[in-house]
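Each remark here refers to the structure printed beneath this line.
Numbering (this note's numbering), first residue to last: 1 to 121.
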(Lines of atoms letter the chains of each structure in order from A and count residues from 1; the text may use other names and numbers.)
(Lines give C-alpha, C1' and ligand atoms only; values in the text may rest on other atoms or scores of the structure.)
Protein backbone atom coordinates (compact mmCIF):
# COMPACT_ATOMS: atom_id res chain seq x y z
CA UNK A 1 0.00 0.00 0.00
CA UNK A 2 2.71 2.47 1.03
CA UNK A 3 4.72 1.81 -2.11
CA UNK A 4 1.80 2.52 -4.45
CA UNK A 5 0.94 5.73 -2.58
CA UNK A 6 4.56 6.84 -2.80
CA UNK A 7 4.64 6.02 -6.55
CA UNK A 8 1.39 7.94 -7.06
CA UNK A 9 2.81 10.86 -5.09
CA UNK A 10 5.99 10.94 -7.20
CA UNK A 11 3.95 10.67 -10.41
CA UNK A 12 1.70 13.52 -9.26
CA UNK A 13 4.65 15.72 -8.32
CA UNK A 14 6.23 15.14 -11.75
CA UNK A 15 2.91 15.93 -13.46
CA UNK A 16 2.38 19.11 -11.42
CA UNK A 17 5.98 20.16 -12.09
CA UNK A 18 5.56 19.68 -15.85
CA UNK A 19 2.31 21.67 -15.84
CA UNK A 20 3.97 24.50 -13.92
CA UNK A 21 6.89 24.53 -16.36
CA UNK A 22 4.43 24.65 -19.28
CA UNK A 23 2.61 27.58 -17.66
CA UNK A 24 5.91 29.35 -17.13
CA UNK A 25 6.80 28.68 -20.78
CA UNK A 26 3.50 30.20 -21.95
CA UNK A 27 4.21 33.27 -19.83
CA UNK A 28 7.71 33.61 -21.33
CA UNK A 29 6.64 33.10 -24.93
CA UNK A 30 3.76 35.57 -24.55
CA UNK A 31 6.32 38.23 -23.61
CA UNK A 32 8.27 37.52 -26.80
CA UNK A 33 5.62 36.70 -29.43
CA UNK A 34 2.10 37.89 -30.16
CA UNK A 35 1.10 34.57 -31.71
CA UNK A 36 2.85 31.26 -32.26
CA UNK A 37 2.34 27.67 -33.32
CA UNK A 38 2.20 24.71 -30.97
CA UNK A 39 5.52 23.54 -32.44
CA UNK A 40 7.15 26.79 -31.31
CA UNK A 41 5.63 26.36 -27.87
CA UNK A 42 6.81 22.73 -27.73
CA UNK A 43 10.36 23.72 -28.66
CA UNK A 44 10.53 26.33 -25.88
CA UNK A 45 8.80 23.95 -23.43
CA UNK A 46 11.36 21.22 -24.12
CA UNK A 47 14.19 23.72 -23.61
CA UNK A 48 12.73 24.62 -20.22
CA UNK A 49 12.30 20.93 -19.32
CA UNK A 50 15.92 20.30 -20.27
CA UNK A 51 17.03 23.20 -18.04
CA UNK A 52 15.23 21.47 -15.14
CA UNK A 53 16.84 18.09 -15.98
CA UNK A 54 13.55 16.53 -17.09
CA UNK A 55 13.06 14.46 -20.24
CA UNK A 56 11.51 16.26 -23.23
CA UNK A 57 7.83 16.07 -24.04
CA UNK A 58 6.11 15.28 -27.32
CA UNK A 59 3.33 17.27 -28.98
CA UNK A 60 0.51 14.94 -27.88
CA UNK A 61 1.56 15.04 -24.22
CA UNK A 62 1.89 18.81 -24.33
CA UNK A 63 -1.59 19.07 -25.90
CA UNK A 64 -2.95 16.92 -23.06
CA UNK A 65 -1.39 19.28 -20.52
CA UNK A 66 -2.72 22.33 -22.40
CA UNK A 67 -6.21 20.81 -22.38
CA UNK A 68 -5.92 20.22 -18.66
CA UNK A 69 -4.75 23.79 -18.10
CA UNK A 70 -7.65 25.11 -20.16
CA UNK A 71 -10.56 22.89 -19.14
CA UNK A 72 -9.83 21.38 -15.71
CA UNK A 73 -7.63 23.91 -13.96
CA UNK A 74 -8.90 26.89 -16.01
CA UNK A 75 -5.57 28.70 -15.97
CA UNK A 76 -5.39 29.52 -19.68
CA UNK A 77 -7.69 30.53 -22.49
CA UNK A 78 -6.82 29.51 -26.04
CA UNK A 79 -7.31 31.86 -28.99
CA UNK A 80 -7.06 31.06 -32.70
CA UNK A 81 -6.56 33.66 -35.37
CA UNK A 82 -9.22 33.85 -38.09
CA UNK A 83 -6.85 33.89 -41.04
CA UNK A 84 -4.54 31.14 -39.77
CA UNK A 85 -5.85 28.36 -37.52
CA UNK A 86 -2.32 27.08 -36.89
CA UNK A 87 -1.34 30.29 -35.09
CA UNK A 88 -2.55 30.47 -31.52
CA UNK A 89 -2.19 32.48 -28.37
CA UNK A 90 -2.68 31.19 -24.84
CA UNK A 91 -3.83 33.87 -22.43
CA UNK A 92 -3.05 33.37 -18.75
CA UNK A 93 -6.17 34.00 -16.66
CA UNK A 94 -4.26 34.73 -13.44
CA UNK A 95 -0.96 36.13 -12.25
CA UNK A 96 1.95 33.68 -12.04
CA UNK A 97 1.74 33.68 -8.24
CA UNK A 98 -1.89 32.47 -8.29
CA UNK A 99 -1.21 30.07 -11.15
CA UNK A 100 1.45 28.20 -9.16
CA UNK A 101 -1.13 27.26 -6.52
CA UNK A 102 -3.73 25.75 -8.86
CA UNK A 103 -1.80 22.69 -10.16
CA UNK A 104 -0.56 21.98 -6.65
CA UNK A 105 -4.14 22.05 -5.35
CA UNK A 106 -5.17 19.69 -8.17
CA UNK A 107 -2.29 17.34 -7.33
CA UNK A 108 -3.27 17.13 -3.65
CA UNK A 109 -6.92 16.59 -4.57
CA UNK A 110 -5.99 13.71 -6.92
CA UNK A 111 -3.63 12.20 -4.32
CA UNK A 112 -6.31 12.39 -1.62
CA UNK A 113 -8.81 10.65 -3.93
CA UNK A 114 -6.24 7.96 -4.75
CA UNK A 115 -5.51 7.32 -1.06
CA UNK A 116 -9.22 7.17 -0.18
CA UNK A 117 -9.89 4.78 -3.05
CA UNK A 118 -7.00 2.47 -2.14
CA UNK A 119 -7.32 2.52 1.64
CA UNK A 120 -9.13 -0.36 3.24
CA UNK A 121 -10.70 0.20 6.63
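By construction, the Cβ of each residue, glycine as well, lies at the ideal position given by its N, Cα and C atoms.
Only a predicted model underlies this, so the values are computations on that prediction, with no experimental measurement involved.
Element boundaries [alpha helix (DSSP H), containing residue i]
i           : result
residue 123 : Here the chain comprises residues numbered 1 to 121, so residue 123 is not present and cannot be evaluated.
residue 47  : 38–51
residue 67  : 59–67
Cutoff 8 Å; reference residue i; Cβ partners in own chain excluding five residues on either side
i           : result
residue 138 : Residue 138 lies beyond the stretch modelled for the chain, which goes from 1 to 121, so this question has no answer here.
Proximal residues to residue i (C-beta, below 7 Å), its chain only, five neighbours per side dropped
i           : result
residue 99  : 23, 75, 92
residue 104 : 16
residue 46  : 56, 57
Short Cβ contact (8 Å threshold) for residue i with residue j
i           : j          : result
residue 25  : residue 51 : no
residue 39  : residue 29 : no
residue 62  : residue 42 : yes
residue 65  : residue 78 : no
residue 111 : residue 37 : no
Span of the beta strand (DSSP E), counted from its first residue to its last, around residue i
i          : result
residue 80 : 76–81
Closest Cα partner of residue i within the set the options
i           : options            : result
residue 53  : 21, 69, 111        : 21
residue 101 : 69, 59, 113, 10    : 69
residue 10  : 117, 118, 119, 108 : 108
residue 97  : 27, 13, 7          : 27
Proximal residues to residue i (C-beta, below 6 Å), its chain only, five neighbours per side dropped
i          : result
residue 59 : 42
Expected contact under 8 Å - CB spacing of residue i and residue j to nearest Å
i          : j           : result
residue 81 : residue 118 : Between residue 118 and residue 81 the Cβ distance is about 46 Å, and since that is not below 8 Å, they are no contact.
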